[in-house]
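See below for the structure under consideration.
Protein chains in written order, with our numbering: chain X, 197 to 396; chain G, 71 to 352.
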């Protein structure tokens with residue numbers, strides 16, 4: 197048998213030429229990772245989870261006023277993203293897309309009496325805390341209660357801005373409102389929070 | 071909407087000031103007011119404290135890792151959704167409906183749902199010469215394999231004994247078991263002994279692409295490209311080489327030149343070489 201020569205078949209893309217190991221994923225954009233995940237590269241999706249899980253946990257915890265429920269909601273958010281991999285349109289707004297799903301999860305959780313009860317049962321009471329910790333916790337509880345007094349629109353903006361560290365543009369994309377509206381809601385929310393937390 | 075007053079700053083104006091969102095004249099007005107009014111200064115400090123408290127989490131989530139539970143959920147969903155029917159054709163047909171077949175037809179979750187079908191249909195692929203049934207459960211060869219489809223006039227079929235000029239080829243892969251493999255390359259050797267690269271694509275002289283990274287736990291995961299090539303009439307042998315490291319195209323070509331019947335298991339320890347044979351019609 198003679199030695200084979202080489203021909204070049206026609207193919208449309210050389211998509212995964214550079215994907216050798218998961219350590220390279222850290223340098224890739226969210227949209228690139230979504231594309232790879234859609235192609236079956238699970239490590240790419242894992243990188244997205246690692247990249248955003250803490251951020252989602254914080255937003256969920258503040259939005260709900262309970263850290264106990266945050267992992268469930270953040271996990272559901274990632275599962276929803278995974279389930280919709282083939283429908284995701286890469287427009288450079290993955291972070292907003294992710295938070296939009298999370299906020300929907302939070303809204304549903306707020307509506308659920310069962311979940312409220314569960315949150316109560318999972319309250320973050322730890323008997324070993326010292327006085328400064330207790331005071332700090334009380335202060336945080338006051339703030340969480342104040343957040344819960346805000347309308348949904350105001351709470352979303354303030355939580356995304358200060359807990360998720362999203363910029364105005366990202367918040368505007370998440371909520372599908374103009375940037376000016378985001379700012380106005382944020383300033384209104386802060387004014388209301390101050391009135392509730394520090395009356396007088 | 072009620073306008074914000076800048077000369078006697080309301081909390082909204084102070085919040086905007088705190089965020090650095092006031093234009094210079096308005097910021098100057100607020101600063102003047104702050105200099106005059108202890109009440110305004112107190113309000114600003116309260117807002118600053120609220121903002122700090124909202125941003126403070128005491129590292130409570132720093133050690134949380136959602137990944138294991140998410141992965142477990144995905145596996146469970148895939149298991150539950152597995153059906154003995156023939157959903158596999160679904161992704162192929164959706165893929166072919168897309169313009170130029172450039173985009174994946176289906177998400178990984180849907181693909182994973184084909185788990186049951188992957189093995190139910192294996193016996194239909196009469197050209198797969200690697201028998202799997204008798205292998206040890208821990209043998210990667212039992213759990214890794216590609217599925218090949220012939221696409222003729224937009225209609226997909228499992229690759230059989232023949233392939234006509236103009237037919238396209240589509241592949242999907244399965245990578246299960248206790249020790250799934252990490253990389254895959256698929257190439258064909260035609261009747262003249264020429265090597266045709268399918269995955270990775272290899273179109274540029276001077277480049278040397280490597281095996282594609284594959285997902286662990288994948289079942290019938292589709293590979294995106296519809297491959298078309300001008301094969302000469304005669305036998306076409308398709309190799310699906312699974313490995314635990316990336317293998318470079320030039321590495322494989324070099325081995326094939328020196329040893330056309332390369333034993334890949336010896337060349338790349340731990341690798342699995344699946345061979346599919348078909349014939350190109352004249």
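Where a beta carbon is used, it is the ideal one built from N, C-alpha and C, also for glycine.
Since the structure is predicted, the reported quantities are computational estimates derived from the model, not experimental observations.
query	result
Mind listing the chain X neighbours of residue 113 of chain G? Cutoff is C-beta to C-beta under 7 Å, in chain order.	390
What residues in the segment 243-264 of chain X bring their beta carbon closer than 8 Å to a beta carbon of chain G?	245, 246, 249, 250, 253, 254, 257, 258 and 263
Between the C-alpha atoms of residue 392 of chain X and residue 345 of chain X, what's the straight-line distance to the nearest angstrom?	8 Å
Please report whether the beta-carbon of residue 336 of chain X lies at a distance below 9 Å from any beta-carbon of chain G.	yes
Can the beta-carbon of residue 301 of chain G be found closer than 9 Å to that of residue 226 of chain G?	no
Using 10 angstroms around the beta-carbon of residue 295 of chain X, count the other beta-carbons present and answer buried if the total reaches 16, otherwise exposed.	buried
Give me the chain X residues within the contact set of residue 313 of chain G, using Cβ-Cβ distance strictly less than 8 Å, ordered along the chain.	Those within 8 Å of residue 313 of chain G in chain X number zero; the least Cβ separation is about 12 Å.
Cα separation between residue 276 of chain X and residue 297 of chain X?	8 Å
For residue 318 of chain G, return the contacting residues in chain X, with the cut-off set at a CB-CB distance below 7 Å.	The premise fails here: residue 318 of chain G is roughly 10 Å from chain X at the closest Cβ pair, so nothing lies under 7 Å.
Put residue 251 of chain G into one of helix, strand or coil per three-state DSSP.	coil
Classify residue 331 of chain G as buried or exposed, calling it buried when 16 or more other Cβ atoms lie within 10 Å of its own Cβ.	exposed
List the endpoints of the continuous beta strand (DSSP E) containing residue 346 of chain G.	342-350
Given this structure, state the Cα-to-Cα distance separating residue 341 of chain G from residue 270 of chain X, to the nearest angstrom.	38 Å
Near residue 88 of chain G, which residues of its chain fall below 8 Å by C-beta distance, leaving aside the five closest residues on each side in sequence?	114, 117, 118 and 121
Please name the residue, chosen from X/226, X/260 and X/272, that lies closest to residue 136 of chain G on a Cα-to-Cα basis.	X/272
Chain X partners of residue 121 of chain G, CB-CB under 8 Å?	358 and 386
Taking contact to mean at least 3 C-beta pairs separated by less than 8 Å, is the segment 252-261 of chain G in contact with the segment 307-317 of chain G?	yes
Going by alpha carbons, who is nearest to residue 127 of chain G out of X/261, X/305 and X/287?	X/261
What three-state label does DSSP hand residue 290 of chain G in the structure shown?	strand
My assumption, with CB atoms under 8 Å, is that residue 250 of chain G sits in contact with residue 286 of chain G. Please give the rounded CB distance.	4 Å
Given a threshold of 16 other Cβ atoms within 10 Å of its Cβ, counted over all protein chains shown, does residue 266 of chain G qualify as buried or as exposed?	buried
Assuming residue 256 of chain X and residue 302 of chain X form a contact by the criterion Cβ under 8 Å, report the distance between their Cβ atoms to the nearest whole angstrom.	6 Å
Is the shortest distance between the beta-carbon of residue 308 of chain G and the beta-carbons of chain X less than 9 Å?	no
So, with DSSP's three-state summary, where would you put residue 130 of chain G?	coil
Assign residue 370 of chain X to buried or exposed, taking buried as 16 or more other Cβ atoms, counted over all protein chains shown, within 10 Å of its Cβ.	buried
What distance in whole Å lies between the Cβ atoms of residue 254 of chain X and residue 359 of chain X, which are believed to be in contact at a cut-off of 8 Å?	5 Å
Return the residue from the list G/318, G/98 and G/344 that minimises the CA-CA distance to residue 278 of chain G.	G/318
Can you pull out the residues from the segment 82-94 of chain G whose beta carbon lies closer than 9 Å to at least one beta carbon of chain X?	82, 83, 84, 85, 86, 88, 89 and 91
On the premise that residue 240 of chain X lies in contact with residue 252 of chain X, defined as a C-beta separation below 8 Å, what is that separation, rounded to the nearest angstrom?	Rounded, the Cβ-Cβ distance is 18 Å, inconsistent with contact.
Say whether chain G places a C-beta atom closer than 9 Å to the C-beta of residue 374 of chain X.	no
Let me know if residue 323 of chain G comes out buried or exposed under the rule of 16 or more other beta-carbons within 10 Å of its beta-carbon.	buried
Whole angstroms are fine: how far does the CA of residue 98 of chain G sit from the CA of residue 90 of chain G?	12 Å
Do you know how far the Cα of residue 236 of chain X is from the Cα of residue 341 of chain X?	43 Å
Determine the chain B residues that contact residue 285 of chain G at a beta-carbon separation under 7 Å, and present them in chain order.	Protein chains X and G are contained in the structure displayed, whereas chain B is not.
State the CB to CB distance for the pair residue 384 of chain X and residue 339 of chain X, rounded to an integer number of angstroms; the pair is presumed to be in contact (CB under 8 Å).	So it is not a contact: roughly 17 Å between Cβ atoms.
Give me, in chain order, the residues of the same chain whose beta-carbon lies closer than 8 Å to that of residue 272 of chain G; leave out the 5 immediate sequence neighbours on both sides.	279 and 319
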